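Inspection log for the structure reproduced underneath, given as structure tokens.
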Amino acid sequence: MTRTFIALDLHTSLQRFLGEVIRQGSAVLPAVSWVNPTSIHLTLAFLGELSDEQLAQARQATEAASEQISPFEYRLSRLGTFGSPRQPRVIWMGLGEPSARLVQLHRALQRELELRGFEVDRRPLAAHLTLARIKSPLSPDQLQSLHHFLQTAQVPSFLPPQAVAQVNVMKSELSRSGACYTCLWTYTLDTS
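Letter by letter, the sequence shown follows residues 13 to 204 in our numbering.
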């Protein structure tokens, strides 16, 4: 069985920027589990543990969806959290208004996966990049530090948009030191 998801990679310049954001965040919140910037990705679909047959179906679905959408760009917008304000679970970097083609790619992928027997999440795409996971409750002082960090960390206007030309089928292996991601297959978006 292979723990599988479908995602978009980030360019090195964006990884460097997010690495700086993570460095700043870890200075004020060292108890939080910050992500390695080189492993940050934009998840389009998490499929869970797949058999070899299901993995082949996921591969076909990703290829079919990628042939329906042309390359596009997106911009980062702001930091935020998932979970309650008093006990957040995830710190993320959000995207500006998601491009129509990102939404179309997500929908095409859902359609292609569903055609091949996968259960798909019907909620609209909540496009984000996970920067940290909060595994233990934060103290009031830590919460205050988090809220200050979220308010002061800015996405510079000069940061170029992220170009997307490929979709990846990824393998995730969990360990005590965190998840390790491996790209299994890459599909180029339609350039015709």
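Just so it is clear, CB atoms sit at the ideal spot from N, CA and C, and this is done for glycine as well. Given the structure is predicted, the values throughout are model-derived calculations rather than measurements.
- In the three-state reduction of the DSSP assignment, H140 falls in the strand class, which pools E and B.
- Between M182 and T16, the CB-CB gap stays under 8 Å.
- A distance below 8 Å between beta-carbons, with the five flanking residues on each side excluded, links A165 to the following residues of its chain, in chain order: V33, Q36, G37, L91.
- Contact between Y86 and P173 holds: CB atoms are separated by about 6 Å, below the 8 Å threshold.
- In this structure P152 is exposed. Its beta-carbon is surrounded by fewer than 16 other beta-carbon atoms within 10 angstroms.
- Here F94 has R101, V102 as same chain residues with Cβ atoms under 6 Å from its own Cβ, once five neighbours each way along the sequence are excluded.
- The stretch 189-200 and the stretch 103-112 do not touch, with fewer than three beta-carbon pairs separated by less than 8 Å.
- Linking H118 to A144 through their CA atoms gives a straight-line distance of about 24 Å.
- With distances taken between CA atoms, G31 lies nearest to L141 out of E79, L141, A76, L121.
- With a 10 Å radius around the Cβ and a threshold of 16 neighbouring Cβ atoms, T74 comes out buried.
- Between the beta-carbon of Q80 and that of D202 there is about 7 Å, and that keeps the pair under the 8 Å contact cut.
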